[in-house]
Amino acid sequence: MRIITFGTFDLFHIGHLNILERAKSFGDQLIVGISSDKLNFEKKQFLPLFSFEERKRIISSLRCVDEVFEEESLEKKREYITKYNADILIMGDDWDGKFDFLNDICEVHYLKRTKDISTTDLKKRINYSV
Ligand code: C2G
Numbered sequence: 220m221r222i223i224t225f226g227t228f229d230l231f232h233i234g235h236l237n238i239l240e241r242a243k244s245f246g247d248q249l250i251v252g253i254s255s256d257k258l259n260f261e262k263k264q265f266l267p268l269f270s271f272e273e274r275k276r277i278i279s280s281l282r283c284v285d286e287v288f289e290e291e292s293l294e295k296k297r298e299y300i301t302k303y304n305a306d307i308l309i310m311g312d313d314w315d316g317k318f319d320f321l322n323d324i325c326e327v328h329y330l331k332r333t334k335d336i337s338t339t340d341l342k343k344r345i346n347y348s349v
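Residue numbering for the sequence shown follows this note's numbering, starting at 220 and increasing by one per position.
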């Protein structure tokens, strides 16, 4: 089974690792779409602290990840799922229900986010600790 998931993965943390490892446990191959810097800017109106190339190197180095690619648009999920021949789409439950319309081409699962950690929260904590 081929699994696909998506994310920015800025300031890589334990919540990111948890979802990637859990995603991998659904099958044999895990493919990760990493948001481009431009897509991140469009989504959030600021650039990630780590560039796409840095985030890509970090995600690619993980044992649970088999393949990565650049996610250039939120609207291209169907295209990516088809191109990478994915059987299952995994998303965090912050996206609950948003991708159900893709269940004609793959299974769609939403996994619970890890509690008490996020990139936004980390940025605030780092700011307070210096
Ligand atoms: N995540 C998690 N637990 C956390 C924080 C994040 O499980 N405490 C998950 C998110 O649910 C997501 C993945 O880690 O599935 C990556 O999170 P983000 O980098 O915040 O991803 P996002 O910016 O939401 O991009 O096409 C979808 C987007 O590219 C997702």
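Backbone N, C-alpha and C fix where the C-beta goes; we use that ideal spot for every residue, glycine too.
Rounding to the nearest angstrom, what Cα-Cα distance links residue i and residue j in this structure?
| i | j | result |
| --- | --- | --- |
| residue 305 | residue 264 | 30 Å |
| residue 302 | residue 336 | 32 Å |
| residue 261 | residue 282 | 30 Å |
| residue 238 | residue 286 | 16 Å |
| residue 258 | residue 251 | 15 Å |
| residue 236 | residue 277 | 11 Å |
| residue 296 | residue 334 | 26 Å |
| residue 321 | residue 233 | 28 Å |
| residue 227 | residue 349 | 25 Å |
| residue 249 | residue 243 | 5 Å |
| residue 266 | residue 291 | 14 Å |
| residue 240 | residue 344 | 25 Å |
| residue 324 | residue 284 | 22 Å |
| residue 350 | residue 346 | Residue 350 is absent from the model: the chain starts at 220 and stops at 349. |
Is the beta carbon of residue i within less than 6 Å of some heavy atom of the ligand C2G?
| i | result |
| --- | --- |
| residue 337 | yes |
| residue 301 | no |
| residue 244 | no |
| residue 254 | yes |
| residue 313 | yes |
| residue 226 | yes |
| residue 316 | no |
| residue 235 | yes |
| residue 332 | yes |
| residue 238 | yes |
With distances taken Cα to Cα, identify the nearest neighbour of residue i among the options.
| i | options | result |
| --- | --- | --- |
| residue 338 | 277, 224, 229 and 245 | 229 |
| residue 316 | 259, 324, 323 and 329 | 329 |
| residue 223 | 340, 334 and 288 | 288 |
| residue 256 | 249, 269, 245 and 310 | 269 |
| residue 271 | 231, 284 and 345 | 231 |
Excluding the 5 residues flanking residue i on each side, which residues of the same chain have their C-beta closer than 7 Å to its C-beta?
| i | result |
| --- | --- |
| residue 313 | 332 |
| residue 247 | 220 |
| residue 279 | 287 |
| residue 300 | 223, 308, 321, 324 and 325 |
Examine chain B for any beta-carbon lying closer than 7 Å to the beta-carbon of residue i, and answer yes or no.
| i | result |
| --- | --- |
| residue 316 | You won't find chain B in this structure, because it holds only one protein chain. |
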